[in-house]
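*Asks:* Mapping to the working numbering: the sequence shown position 220 is 409, numbers consecutive. Glycine included, every Cβ here is placed at the ideal spot set by N, Cα and C. Handing you this structure, nothing more for now.
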Amino acid sequence: QTVQLNLGATRAVELGGFRGSITPGIQLREVNDGPNATSDWSPAITLTLTQGPHYIGFNYGYLSQDRDVAGASDVDTQNLALRYNYRLNDRNTVGIEANWFDRDASSALDTEAYRVSAFWSFSFDKPAGQSLQASRLSVPTVAEDTPLPTDLGLLARLTPGVALSRVTPQLDAAGFAGATWLPQSVVYETQLIAALTERQRLMLEHSADTLHRVALVIDFDNVGDAQAVTRSFERTREELIQRYGKPASFREEGEFSSSLVADVISGRLVRTMEWNTEAGVLRFGIPRRLDGQVRMEVQHSRQRLARNDADWSISALR
């Protein structure tokens, strides 16, 4: 038996002309499972800031695992990551990233690791939308007086640029309840993909009553189970293809394995596909995050990314 409590908050911040959000949170977990019994607590904080082509991301997480079994080793783990990147133009991005990892086990040797890397990314692709105009999805907009779908079709119907004050009443009428209002976003606990048992959250990102991005965030139940992760990903991809047809572009590198978290962080595993819409891009995949969290996201936004850009996760939503 596992009892878990998650507490978190997000607040908009503005520093020196940079705008973004800060998200502190804590997870408490009690596992009563014989030899695997443990009491865990895990505080974390994430900060993201942007200003034009500049992006700054910071994450710190701490995990204390107090094993309830005699002779078992208690473990304290810390992880810190800092990233800065500057988008020169549509095809060039430069930046620097630093990571620190520390694992302190009571009955074993400690582990400490550092990494600092500089990078320059160049996209060999033509800008999206120039060669794929014919493959745009044609869907009714939210302004039309028709009920909103309660499945994956909702993501394309909620088009970036419409007024949030017009969207939320329609979501209420469609049965979406229990909205959580955060700075610059609204989050619903929902199941747009009925075939999945994993947690799903619908997020509407906005400012000044204008909808900027719509996303479905899907958590994996166990990132250490490569077969379960593969099944969930393939099922989600199949649902999207059935709903929207063949994607206009896709990128797949690496294989699912027990080292999934490390592979996503290092870029050895990449899964991204896109459909063009009248309002922008519908993007699905497993984005890279500074905090090492691995999950699936489906996003509808106006922002077009370089083909090799894997840092498109909604960092404010943990």
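Of the residues Ala363, Asp480, Val351, which one's Cα is nearest the Cα of His395?
*Replies:* Val351
*Asks:* How would you label Leu196, buried or exposed, when you count the other beta carbons within 10 angstroms and need 16 or more for buried?
*Replies:* exposed
*Asks:* Leaving out five residues on either side along the sequence, give the residues of the same chain with a beta carbon under 7 Å from the beta carbon of Arg292.
*Replies:* Val264, Thr266, Asp299, Thr300
*Asks:* How many Å lie between Glu399 and Gln254 at the Cα?
*Replies:* First, the residue type needs correcting, since residue 399 is Thr and not Glu in the sequence shown. Taking the straight line joining both Cα atoms gives about 43 Å.
*Asks:* Using CA coordinates, which residue listed in Ala270, Ser490, Leu269, Trp230 is at the minimum distance from Leu252?
*Replies:* Trp230
*Asks:* Between the region 444-458 and the region 351-371, do three or more beta carbon pairs fall short of 8 Å?
*Replies:* no
*Asks:* Just to check my reading of the structure: Val506 and Met392 have Cβ atoms closer than 8 Å, yes? What is that Cβ distance to the nearest angstrom?
*Replies:* Just to set this straight, residue 506 is Leu in the shown sequence, not Val. Indeed they touch by this definition, with Cβ atoms about 6 Å apart.
*Asks:* Along the beta strand (DSSP E) that carries Ala415, what are the first and last residues, could you check?
*Replies:* Run containing Ala415: none in the beta strand (DSSP E); it sits in the alpha helix (DSSP H), 415-433.
*Asks:* Please state if the CB of Leu405 and the CB of Gln389 are separated by a distance shorter than 8 Å.
*Replies:* yes
*Asks:* Looking at C-beta atoms only, is the number of pairs between the region 464-480 and the region 339-353 that lie closer than 8 Å three or more?
*Replies:* yes
*Asks:* Whole angstroms is fine: what's the gap from Tyr249's alpha carbon to Thr239's?
*Replies:* 19 Å
*Asks:* Work out the CA separation of Glu219 and Thr282 for me, nearest whole Å.
*Replies:* 43 Å
*Asks:* Confirm, please, whether the CB-CB distance from Leu341 to Ile382 is below 8 Å.
*Replies:* yes
*Asks:* What is the DSSP secondary structure of Leu471, reduced to helix, strand or coil?
*Replies:* strand
*Asks:* Within 10 angstroms of its Cβ, does Pro242 collect 16 or more other Cβ (buried), or is it exposed?
*Replies:* By the Cβ neighbour-count rule, Pro242 is exposed, with fewer than 16 other Cβ atoms within 10 Å of its own.
*Asks:* For Asp293, list the residues DSSP reports as bridge partners.
*Replies:* Asp293 is bridged to Asp265.
*Asks:* Can you list, in chain order, the residues of its chain whose CB lies under 6 Å from that of Arg307, leaving out five sequence neighbours each side?
*Replies:* The amino acid occupying residue 307 in the given sequence is Ala; Arg does not appear at that position. Same-chain partners within the cutoff: Ile285.
*Asks:* Does any heavy atom of the ligand ZN sit closer than 7 Å to the C-beta of Ser490?
*Replies:* As presented, the structure is devoid of all ligands, the ligand ZN included, so that no description of it is given.
*Asks:* For Gln319, which of helix, strand or coil comes out of DSSP?
*Replies:* Since pLDDT at Gln319 reaches only 38, below the 50 mark, its modelled position is unreliable, and the value read off the structure follows with that caveat. Here Gln319 sits in coil by DSSP.
*Asks:* Can you find at least 3 beta carbon pairs, one from the region 369-387 and one from the region 423-439, that sit closer than 8 Å?
*Replies:* yes
*Asks:* Determine the closest residue to Thr212 out of Pro349, Phe247, Lys435, with distance taken between C-alpha atoms.
*Replies:* Per the Cα distances, Phe247.
*Asks:* DSSP three-state label for Ala362, please.
*Replies:* helix
*Asks:* Suppose the cutoff is 6 Å on Cβ atoms and the five residues either side in sequence are ignored; what does the same chain contact list for Thr369 look like?
*Replies:* Val376
*Asks:* In the DSSP assignment, the alpha helix (DSSP H) including Asp480 goes from what residue to what residue?
*Replies:* For Asp480, no alpha helix (DSSP H) run applies, since DSSP gives it neither H nor E.
*Asks:* Apart from the five residues on each side of it in sequence, which residues of its chain come closer than 6 Å, Cβ to Cβ, to Leu353?
*Replies:* The residues are His395, Asp398, Leu400.
*Asks:* Between Val412 and Val487, what straight-line distance do the alpha-carbon atoms span, to the nearest angstrom?
*Replies:* Those two C-alpha atoms are separated by around 18 Å.
*Asks:* Answer with buried or exposed for Arg402, where buried requires no fewer than 16 other C-beta atoms within 10 angstroms of its C-beta.
*Replies:* A residue is called buried when at least 16 other Cβ atoms come within 10 angstroms of its Cβ; Arg402 meets this threshold and is buried.
*Asks:* Between which two residues does the beta strand (DSSP E) containing Gly206 stretch?
*Replies:* Per DSSP, Gly206 belongs to no beta strand (DSSP E) and is neither H nor E.
*Asks:* Using C-beta distances below 6 Å, list every residue in its chain close to Arg478, excluding the 5 sequence neighbours before and after it, in chain order.
*Replies:* Ser502
*Asks:* Alpha carbon to alpha carbon, how far is Tyr303 from Arg472? Give it in angstroms, no decimals.
*Replies:* 32 Å
*Asks:* So the beta strand (DSSP E) Gly342 belongs to, where does it begin and stop?
*Replies:* Not the beta strand (DSSP E): Gly342 falls in the alpha helix (DSSP H), residues 342-346.
*Asks:* Bridge partners for Gln193 per DSSP, in chain order?
*Replies:* Per DSSP, Arg218.
*Asks:* What did DSSP end up calling Ile285 once you bin it into helix, strand or coil?
*Replies:* Correct three-state label for Ile285: strand.
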